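Enquirer:
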Amino acid sequence: MTNKTKRTLIIGCLSIALIVVGGLLLLLILQDYQSVRPMVKKGKV
1 MTNKTKRTLI IGCLSIALIV VGGLLLLLIL QDYQSVRPMV KKGKV
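Numbering (UniProt numbering), first residue to last: 1 to 45.
#1: So, with DSSP's three-state summary, where would you put Gly23?
#2: Suppose you measure from the CA of Ile11 to the CA of Gly43; what does that come to, to the nearest Å?
#3: How long is the line joining the alpha carbons of Lys41 and Leu14, rounded to whole angstroms?
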């Protein structure tokens with residue numbers, strides 16, 4: 001294993017981790033939005 005292959009492997013793992021974390025965050029935000037929306041309809045707006 002040369003330094004270049006190690007670096008590309010690390011970058012690949014980091015990018016995959018970022019994509020996974022971003023997807024989970026998006027799911028959480030969407031779930032929060034869906035649970036908040038009916039309350040907004042009933043109440044203020």
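The C-beta atom is built at its ideal place from N, Cα and C for all residues, glycine as well. Please read these numbers as outputs of a predicted model, since none were measured by experiment.
Expert: Short version:
#1: One-based indexing of the sequence shown puts residue 23 at position 23. Helix.
#2: Translated into the one-based positions of the sequence shown, residue 11 becomes position 11. Translated into the one-based positions of the sequence shown, residue 43 becomes position 43. Distance between the alpha carbons of Ile11 and Gly43: 47 Å.
#3: For this step, residue 41 is matched to residue 41 along the sequence shown. For this step, residue 14 is matched to residue 14 along the sequence shown. So the alpha carbons of these two residues sit roughly 40 Å apart.
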